[in-house]
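In terms of this note's numbering, the sequence shown opens at residue 5 and continues consecutively.
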Amino acid sequence: MTGLRRFPGLAARTPRPGRDRLARLLPAPPGAERAEDSGAPRVAVVGGGIAGLTAATALAERGVRVTLYEREAQLGGRLAGWPTLLADGTPVTMSRGFHAFFRQYYNLRALLRRTDPVLARLRGLPDYPLRHGSGRQDSFRHVPRTPPLSALGFVALSESFSLRALTRIDPHAALPLLDVRVPEVYDRLDHVSAYDFLEAIRFPAAARHLAFEVFSRSFFADPRRLSAAEMALMFHIYFLGSAEGLLFDVPREPFPQALWDPLAGRLCRLGARVRTRSAVEVVSVLSAGGFTVAATRGEEPYDAVVLALDPAALRSLVARSGGLGDTEWRERVARLRTAPPFLVSRLWLDKPVRANRPGFLGTSGYGALDNVSVLSRWEGEAARWAARTGGSVVELHAYALPRDADRAATRRGLLGELHRLYPETSRARVVDERHEWRADCPLFPVGGYRDRPTVGTPTPGLVVAGDAVRTGLPVALMERAATSGFLAANTLLRRWGLRGHALWTVPGRGRGAFLRWATRAGGGR
5 MTGLRRFPGL AARTPRPGRD RLARLLPAPP GAERAEDSGA PRVAVVGGGI
55 AGLTAATALA ERGVRVTLYE REAQLGGRLA GWPTLLADGT PVTMSRGFHA
105 FFRQYYNLRA LLRRTDPVLA RLRGLPDYPL RHGSGRQDSF RHVPRTPPLS
155 ALGFVALSES FSLRALTRID PHAALPLLDV RVPEVYDRLD HVSAYDFLEA
205 IRFPAAARHL AFEVFSRSFF ADPRRLSAAE MALMFHIYFL GSAEGLLFDV
255 PREPFPQALW DPLAGRLCRL GARVRTRSAV EVVSVLSAGG FTVAATRGEE
305 PYDAVVLALD PAALRSLVAR SGGLGDTEWR ERVARLRTAP PFLVSRLWLD
355 KPVRANRPGF LGTSGYGALD NVSVLSRWEG EAARWAARTG GSVVELHAYA
405 LPRDADRAAT RRGLLGELHR LYPETSRARV VDERHEWRAD CPLFPVGGYR
455 DRPTVGTPTP GLVVAGDAVR TGLPVALMER AATSGFLAAN TLLRRWGLRG
505 HALWTVPGRG RGAFLRWATR AGGGR
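Shown next as structure tokens:
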């Protein structure tokens, strides 16, 4: 590319993103600060979820001419929200449900800081309790945040660990958890299921059901199908690898108002075109270089393309776009699978839940119910409705459901478990309800790591982003989506001699020298 403007001098030192002094910085790749308008490359970003919004923002900030395509009417992907009208006439925002913004999601939070520098639109929940149907309950409120005290503190404070159960743990089998590195953890554990790995450790059954199963199901998969490597990575990110702890933040208002509307406005001010209700049908590779993108509103040429899609949409678009990638890459994309369905039920009740109910509760042993959120405890829109009506707004999640599950029966089952968990809700009338049954999250199955795409592809100028992408970094879930979006942008910016964006992650290896030594001494490497 020509027409690049360089600024002399070194970049200012990147401030640390959280409290963890061992957080890992990946410096911004060097280059020109911004493309000149006359020679700015054109990029199509396909998909308006976290990964696509991140890539679009990172590119537009360097003067790249970006067009963001989103097939739905709203941005946000799996964190989108849309308007609906309740039976009582109240306009509200429905979404696909609760998401936890953990403090170690450094790159996602960096994206949100573009429009909210101090993250004032997020608020912290004071606890993250877990409850089992047997009556056991665990909490993270008083657990130390710095490893290994975090794991030791959780064990000491938990009702799920007994001394007898702890003596049965096989320490040698547990060694891979002490020094998690990417991608080595996949070489060691991707061939084993999370369930079988915990069985081999002889991890206490009560703790496994209440703690590990709750977390593993956040990947929308049964532990018997989830790769043990993903579970070990999760353990590293939240327990033994990070000093940010397990408490998290939530948006003060629904997703569009708190997150995506401000970011879309900023994209437009940067000169990007944001096209919702615009499904991309085909991406074609031009013989002279570059691409054409055929979408709902016509066909346009681009210098590069970012595919930021869920697995099913990526499979479909690649299948329709015969020139993308090579045979081996296309076959791997075709093998990507989605996780089993999940259900989000949101209920507007005419009575409040008890004042001591937490804003979020993880559950196990309550049928299909995986967690309960009392939105009116922390989301402004729900709180205002509850204050005006004297009621409450409650949301129920059920993950990894059978694909042929009876939807009406599943909804009734979740309501019954809510009544069992919070008996006062059995006396409340449901003023209105909304139910979202979806199946578009990536599945991380045993042995599936090698099929997952990387950011780069065999086609120059074509990159991929999303929470299914292999980044080579210790990130997961929403943070993997944001990180891959920055990496996709950096890959393209490097092509044009433009400066990339710095990234942060939790430490990329076992946190302490003793833990790393124990792993090596035990043959865990």
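Note that CB positions come from ideal geometry on N, CA and C, so glycine has one too.
This one's a predicted model, so the numbers in the text were calculated from it and none came from an experiment.
Contacting residues, own chain, Cβ-Cβ under 7 angstroms from residue i (five flanking each side not counted)
{"i": "V467", "result": "V310, V459, G460, T461, A492, T495, L496"}
{"i": "G451", "result": "D194, H195"}
{"i": "H505", "result": "A32, A62, F490, A493, N494"}
{"i": "R371", "result": "For the record, residue 371 in the displayed sequence is Gly; it is not Arg. These residues qualify, in order along the chain: G417, E421."}
{"i": "V278", "result": "L72, A268, L271, C272"}
{"i": "L230", "result": "S197, A198, S220, F223, F448"}
{"i": "L89", "result": "P95"}
{"i": "A359", "result": "none"}
{"i": "R228", "result": "S197, Y199"}
{"i": "R20", "result": "A27"}
{"i": "E3", "result": "Only positions 5 to 529 of the chain appear in this structure, which leaves residue 3 out of reach."}
{"i": "A15", "result": "The pLDDT assigned to A15 is 38, lower than 50, so where the model puts this residue is not dependable, and the model offers no usable value."}
{"i": "S138", "result": "G369"}
For residue j and residue i, believed in contact at Cβ under 8 angstroms, the rounded distance
{"i": "A402", "j": "D374", "result": "6 angstroms"}
{"i": "P478", "j": "G302", "result": "At roughly 41 angstroms, the Cβ-Cβ gap does not stay under 8 angstroms, so P478 and G302 are not in contact."}
{"i": "L271", "j": "A55", "result": "L271 to A55, Cβ: 14 angstroms. No contact."}
{"i": "F224", "j": "P344", "result": "7 angstroms"}
{"i": "T58", "j": "W389", "result": "Not a contact, Cβ separation roughly 32 angstroms."}
{"i": "E248", "j": "G22", "result": "5 angstroms"}
{"i": "D120", "j": "P305", "result": "So it is not a contact: roughly 35 angstroms between Cβ atoms."}
{"i": "G275", "j": "R69", "result": "7 angstroms"}
{"i": "P427", "j": "G395", "result": "In fact, because the Cβ distance is near 17 angstroms, the residues do not count as touching under 8 angstroms."}
{"i": "L250", "j": "V147", "result": "7 angstroms"}
{"i": "G470", "j": "L313", "result": "6 angstroms"}
{"i": "A48", "j": "V297", "result": "5 angstroms"}
{"i": "W465", "j": "D330", "result": "In the sequence as presented, Trp is not what sits at residue 465; that position holds Gly. Not really, about 15 angstroms apart at Cβ, beyond 8 angstroms."}
Beta-carbon contacts of residue i that lie in its chain and below 6 angstroms, excluding the five residues immediately before and after
{"i": "G67", "result": "R38, A39, A44"}
{"i": "V50", "result": "Y73, V284, L311"}
{"i": "Y453", "result": "Y190, D194"}
{"i": "A472", "result": "P315, P446, R456"}
{"i": "V510", "result": "Q108, I241, G245, S246, P478"}
{"i": "T300", "result": "S282, A283"}
{"i": "L112", "result": "M482, E483, A486"}
{"i": "R10", "result": "For R10, the pLDDT reaches just 38, beneath the cut-off of 50, and the residue's location in the model is therefore unreliable, leaving the point undetermined."}
{"i": "R336", "result": "D455"}
{"i": "C341", "result": "Contrary to the premise, residue 341 reads as Arg rather than Cys in this sequence. Here the set comprises L447."}
{"i": "R474", "result": "R456, T458"}
{"i": "L115", "result": "T58, A486"}
Where the beta strand (DSSP E) containing residue i begins and where it ends
{"i": "T367", "result": "364-368"}
{"i": "P148", "result": "Segment: none, P148 is in no beta strand (DSSP E) and carries neither H nor E."}
{"i": "T71", "result": "69-73"}
{"i": "D200", "result": "D200 -> not in any beta strand (DSSP E); alpha helix (DSSP H) instead, spanning 198-205."}
{"i": "G85", "result": "85-89"}
{"i": "L507", "result": "507-509"}
{"i": "F223", "result": "From DSSP, F223 is part of no beta strand (DSSP E); its letter is neither H nor E."}
{"i": "L351", "result": "346-353"}
{"i": "F239", "result": "F239 -> not in any beta strand (DSSP E); alpha helix (DSSP H) instead, spanning 232-239."}
{"i": "P255", "result": "252-255"}
{"i": "V473", "result": "That residue, V473, is in no beta strand (DSSP E); it is neither H nor E in DSSP."}
Close beta carbons around residue i, own chain, < 8 angstroms, minus the five adjacent residues each side
{"i": "G101", "result": "V348, R350, S377, E399, H401, E440"}
{"i": "A338", "result": "R319, V322, A323"}
{"i": "L83", "result": "G53, I54, S99, R100, H103, F259, L263, W264, M482"}
{"i": "E76", "result": "G52, A84, T280, R281"}
{"i": "L161", "result": "D142, S143, H146, V147"}
{"i": "A91", "result": "V435, D436"}
{"i": "E383", "result": "V254, P255, R256, E257, P258, V397"}
{"i": "R353", "result": "For clarity, residue 353 is Leu in the given sequence; the question names Arg instead. Excluding positions up to five away in sequence, the list reads G395, S396, V397, V398, T429, A432, R433, V434, V435."}
{"i": "P12", "result": "Reliability of the predicted coordinates at P12 is poor, the pLDDT of 38 falling under 50, and the value obtained from them is presented with this limitation in mind. There are no such residues."}
Residue i - containing alpha helix (DSSP H), residue span
{"i": "G128", "result": "Per DSSP, G128 belongs to no alpha helix (DSSP H); it is in the beta strand (DSSP E), 126-128."}
{"i": "G137", "result": "Careful: G137 lies outside any alpha helix (DSSP H) and carries neither H nor E."}
{"i": "S488", "result": "481-499"}
{"i": "R192", "result": "188-193"}
{"i": "R424", "result": "411-425"}
{"i": "R442", "result": "Careful: R442 lies outside any alpha helix (DSSP H), inside the beta strand (DSSP E) at 434-442."}
{"i": "V159", "result": "153-161"}
{"i": "A177", "result": "175-178"}
Discussion item. To test your reading of the DSSP string, which unbroken alpha helix (DSSP H) runs of 4 or more residues are found completely within the region 258-341?
Written reply: Fully enclosed alpha helix (DSSP H) runs of 4 or longer: 265-273, 315-324, 331-338.
Worksheet item: At which residue ranges does the region 17-53 contain complete beta strand (DSSP E) runs of 3 or more residues, listed in the order of the chain?
Response: 28-30, 46-50
Worksheet item: Does the region 123-131 come close enough to the region 249-257 that 3 or more CB-CB pairs lie under 8 angstroms?
Response: yes
Worksheet entry | alpha helix (DSSP H) runs contained entirely in the region 373-406, provided each spans 4 or more residues | 384-393
Item to complete: Would you list, in sequence order, the uninterrupted beta strand (DSSP E) runs of no fewer than 3 residues that lie entirely inside the region 88-115?
Response: As far as the region 88-115 is concerned, its whole beta strand (DSSP E) runs of at least 3 residues are 95-99.
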